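Reading through the structure tokens given below for one structure.
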Amino acid sequence: MTATNTTPTKQAYDELQWAYDTFNQKLFGGQLPYCLITLQREKNTCGYFSAKRFANQSGVVTDEIAINPSYFAVSPLIEIMQTLVHEMVHLWQFHFGKPGRGRYHNKEWADQMERIGLMPSSTGQPGGAKTGDSMADYAIEGGLFLKVCAGLLDEHFKLSWYDRFPPTLAVMSGQSSFANQLVGLPNAATMIISDNSNSMVETKPQPIEASSVPSAENKQTRVKYTCDCDINIWAKPNIQVRCCECDGMFEAV
Ligand SMILES: [Zn+2]
Ligand SMILES: [Zn+2]
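Each step along the sequence shown adds one to the number in my numbering, with nothing skipped, and position 52 is 38.
This is the structure in structure tokens:
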């Protein structure tokens, strides 16, 4: 079945803009300027921020926040929102703070992340370093970020369109994400974050582990797939993924 009565481009970008506006209001007091959100499949990167990346003929420039749709089918929605907000903190720092050199995520960035409810961590897990070149993060239980996400989910926020052909790394990082261990958020689908550029800062997918167990909430929104060598993954319906162990396709069970 192909789309007839929907406009996928408008729908996909309206949803991302809705999320951006909501986080801007609730986490940054509405002070962030607009930016141009793009969908990019940059390898091993969940997202990135690139300052003043676009210009128009009137001489106006705007920043880019790129989000990688490879993760949409295989990571919890919370993690995709984490990626967006992680990049929004880079945008905030570019306009209102002092970004670190190159890809360095400095203490000012880390403090702002923590204030809005995301704990910076070099490993993506509790106990990692809070600053560094390659940084991930996890949601702080009871923090502002999770409260705003819960509000969005109450308003039936979703990312309607997802990439059906996610690369293996995206699949595996989605399965092992820390967000999969969070409980108490209804309908939390899946997602991840990262960033890089000239003035780009990047967030890497987290280390992978094939056999982690997703939470009950994810089982409701995702389908279980199995391959010939009995590795299980959970993802949205109708995706096409090959197992790198047995080289067979994952089949929904
Ligand atoms: Zn970053
Ligand atoms: Zn296999």
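Beta carbons: idealized from backbone N, C-alpha and C, even for Gly. Fair warning: this is a prediction, and the values are worked out from it, not measured in the lab.
{"Query": "Near ligand 1: M74 beta-carbon under 7 Å from a heavy atom", "Result": "no"}
{"Query": "Of the listed residues V209, C230 and P223, nearest to C215 (C-alpha basis)", "Result": "C230"}
{"Query": "Inter-stretch contact at 8 Å, needing at least 3 Cβ pairs: the stretch 34 to 54 / the stretch 99 to 119", "Result": "no"}
{"Query": "Cβ pair A52, Q26 closer than 8 Å", "Result": "yes"}
{"Query": "Contact under 8 Å by Cβ, L77 with C21", "Result": "yes"}
{"Query": "Span of the alpha helix (DSSP H), counted from its first residue to its last, around P106", "Result": "Taken as a continuous stretch (DSSP letters only), P106 belongs to no alpha helix (DSSP H), being part of the beta strand (DSSP E) at L104 to S107."}
{"Query": "Cross-strand partners of V47 (DSSP beta bridge)", "Result": "A41"}
{"Query": "The stretch 90 to 101 / the stretch 33 to 44 touching (three or more Cβ pairs under 8 Å)", "Result": "no"}
{"Query": "Cβ-based burial, R208 [other Cβ within 10 Å; buried from 16]", "Result": "buried"}
{"Query": "Heavy atom of ligand 2 within 7 Å of G234 beta-carbon", "Result": "yes"}
{"Query": "First and last residue of the uninterrupted beta strand (DSSP E) at L22", "Result": "L22 to L25"}
{"Query": "Rounded distance between the beta-carbons of V71 and L18, thought under 8 Å", "Result": "Between V71 and L18 the Cβ distance is about 11 Å, and since that is not below 8 Å, they are no contact."}
{"Query": "Local conformation of F58 per DSSP, three classes", "Result": "coil"}
{"Query": "Per DSSP, cross-strand counterpart(s) of E237", "Result": "T212"}
{"Query": "Proximity below 8 Å, CB of S163 to CB of E73", "Result": "no"}
{"Query": "Any non-hydrogen atom of ligand 1 closer than 7 Å to M121 Cβ", "Result": "yes"}
{"Query": "Residue environment, G160, which counts as buried when at least 16 other CB atoms sit within 10 Å", "Result": "buried"}
{"Query": "Ligand 1 heavy atom lying under 7 Å from the CB of H91", "Result": "yes"}
{"Query": "Unbroken alpha helix (DSSP H) run spanning D0, endpoints", "Result": "P(-6) to F14"}
{"Query": "Helix, strand or coil at H142 according to DSSP, with G and I counted as helix", "Result": "coil"}
{"Query": "Boundaries of the alpha helix (DSSP H) in which I245 is found, first to last residue", "Result": "Since the first residue of the chain shown is -13 and the last is 239, residue 245 is not available in this structure."}
{"Query": "Three-state class that DSSP yields for S36 in the structure shown", "Result": "strand"}
{"Query": "Beta bridge counterpart(s) of I53 as assigned by DSSP", "Result": "L25 and G33"}
{"Query": "Y148 versus Y57: straight-line alpha-carbon distance, rounded", "Result": "8 Å"}
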